[in-house]
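Participant: The sequence shown begins at 1196 in the working numbering and counts up one residue at a time.
For each residue, glycine too, the CB sits at the ideal point set by N, CA and C.
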Amino acid sequence: MAASAIEQLVEAASLTTAEILARYPDKKFFGFTCSYWPEELVPPVMLSASGAREYYLEELKITWQRLVDLAGEIPRPERVSAALELCERLRRLALKLDELRPWLPSHLVAALLRAGQLLPREEYVTRLEEALTSLTARKEEDAGRIGVLLSGPVLEKDGLYLMIEELGGRVLADDTCTGTRHYAQGTVPEEVRGATAVERMLSRVVHRHLTMPICPCRHRRLQERVDYLQKLAAKAGASGAILVVRKFCEPHAFDAVPLAKGLNEQGVKTLVLELEGPEVGGQERTRLQAFLESLAERRDQHGGGQKLPAAQ
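1) When the Cα atoms are used, what is the spatial distance from Arg1420 to Lys1464?
2) Determine the burial state of Ala1201: buried for a count of at least 16 other Cβ atoms within 10 Å of its Cβ, exposed for fewer.
3) Need the endpoints of the beta strand (DSSP E) that Val1440 sits in, please.
4) What does the Cβ neighbour count give for Pro1453, buried or exposed, with the cut at 16 atoms within 10 Å?
5) Per DSSP, what are the beta-bridge partners of Val1343 in this structure?
6) Look at the alpha carbon of Val1440 and the alpha carbon of Ser1346, and state the distance between them as a whole number of angstroms.
7) Asp1450 to Leu1405, Cα distance in whole Å?
8) To the nearest angstrom, how far is it from the Cα of His1302 to the Cα of Thr1391?
9) Drop a sphere of 10 angstroms on the beta-carbon of Ala1213, count the other beta-carbons inside from all chains shown, and report buried for 16 or more, exposed for fewer.
10) Where do the N-terminal and C-terminal ends of the beta strand (DSSP E) with Glu1469 fall, by residue?
11) State the Cα-Cα distance for the pair Gly1246 and Leu1330, rounded to the nearest angstrom.
12) If distances are taken between C-alpha atoms only, which option among Ala1332, Gly1311, Lys1334 and Trp1259 comes closest to Leu1323?
13) Does the Cβ-Cβ distance between Ala1428 and Leu1458 come in under 9 Å?
14) Note down, in chain order, each residue of its chain lying with its Cβ closer than 7 Å to the Cβ of Cys1444, except the 5 sequence neighbours on either side.
15) When we look at the beta-carbon of Ala1505 and count the other beta-carbons within 10 Å, is it buried (16 or more) or exposed?
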């Protein structure tokens, strides 16, 4: 019996780099990374700085030419336009999946989104479209689960999401590098300048990078990330936030302390959870259980839809 689109995507999300390369020998994969191509391109980190847009556009032009030299050909304009439309279509589908979070297991949504960073774009879009039809029909009640916002770096395994579910929680907003933030659209540009399809494509890439939700590696103003996550948690109906810090991921480690302080001050009770690797164990379970129980008690005391006082 053929596997369903959902099963195929979940299976793909668990593949190692070696397995992906073996399955698609004619494809080029960059893997999980916070930069696009670390050896070739350095995006601006202060997005509101004078000259950030111009700098990034020039860097992209240089990178594009290097890719053209490697490929030995210049893509036709219609192929460039088709690639742009494919990526936008992929992001629209991913955001539709994100809207189903309250009714789907957290680890399932995480796996389906992560597959989009591993599979060839055309294959992922086809499977996700089919999967969304089935997922919409199988929505389940949350059964009083404690909704949380999850923020952090790359999470290449589903263990943390599964543990949250086992302890009665549900990830209602995912701000990890492998979650919804990866697919954020940014604002729609009023005008995309460029004489050629390639120039217009690069301008759109620059615009998206400068306007999409920030992370610890990109900045516009000091308070923006706190305000963004507070609004994200409120919109999703999350009772609290979990900030994940992975060992050796310094940007998220630097970000966690002021971010937790700011969220707590705005009424979003926050747990900073440090992980040695992609897996979670007994220590993480104990801390998560205590945190979720405190959120449940706080929710019962103040009511789920009311603005809560600053977290202690």
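Facilitator: Short version:
1) Looking up residue 1420 in the sequence shown gives position 225. Looking up residue 1464 in the sequence shown gives position 269. Going by the C-alpha atoms only, they are around 16 Å apart.
2) Start at 1 with the first residue of the sequence shown, and residue 1201 comes out as number 6. Going by the sequence as given, residue 1201 is Ile instead of Ala. Classification of Ile1201: buried, given that the 10 Å Cβ count is 16 or more.
3) One-based indexing of the sequence shown puts residue 1440 at position 245. Gly1435 to Arg1441 is the extent of the beta strand (DSSP E) around Val1440.
4) Here residue 1453 refers to the residue found at position 258 of the sequence shown. When all chains shown are included, Pro1453 counts as exposed.
5) Position 148 of the sequence shown holds residue 1343. Answer is Val1366 and Gly1435, bridged to Val1343.
6) Taking the sequence shown and counting its residues from 1, the one referred to as residue 1440 is at position 245. Taking the sequence shown and counting its residues from 1, the one referred to as residue 1346 is at position 151. In a straight line, the C-alpha of Val1440 is about 9 Å away from that of Ser1346.
7) The count along the sequence shown starts at 1 and reaches residue 1450 at position 255. The count along the sequence shown starts at 1 and reaches residue 1405 at position 210. So the alpha carbons of these two residues sit roughly 19 Å apart.
8) For the purposes of this step, residue 1302 is taken as the residue at position 107 of the sequence shown. For the purposes of this step, residue 1391 is taken as the residue at position 196 of the sequence shown. C-alpha separation (whole angstroms): 42 Å.
9) For the purposes of this step, residue 1213 is taken as residue 18 along the sequence shown, with counting starting at 1. Flag for Ala1213 reads exposed.
10) Here the question's residue 1469 lines up with position 274 in the sequence shown. From DSSP, the beta strand (DSSP E) with Glu1469 extends over Lys1464 to Leu1470.
11) Within the sequence shown, the letter at position 51 stands for residue 1246. Within the sequence shown, the letter at position 135 stands for residue 1330. Distance between the alpha carbons of Gly1246 and Leu1330 is about 44 Å.
12) By one-based count along the sequence shown, residue 1323 stands at place 128. For the residues Ala1332, Gly1311, Lys1334 and Trp1259, the minimum Cα distance to Leu1323 belongs to Gly1311.
13) On the sequence shown, residue 1428 is found 233 positions in, with the first residue counted as 1. On the sequence shown, residue 1458 is found 263 positions in, with the first residue counted as 1. Yes, the pair counts as a contact, with Cβ atoms nearer than the cut-off.
14) One-based indexing of the sequence shown puts residue 1444 at position 249. Same-chain partners within the cutoff: Pro1348.
15) The sequence position of residue 1505 within the sequence shown is 310, counting from 1. The pLDDT assigned to Ala1505 is 49, lower than 50, so where the model puts this residue is not dependable, and the model offers no usable value.
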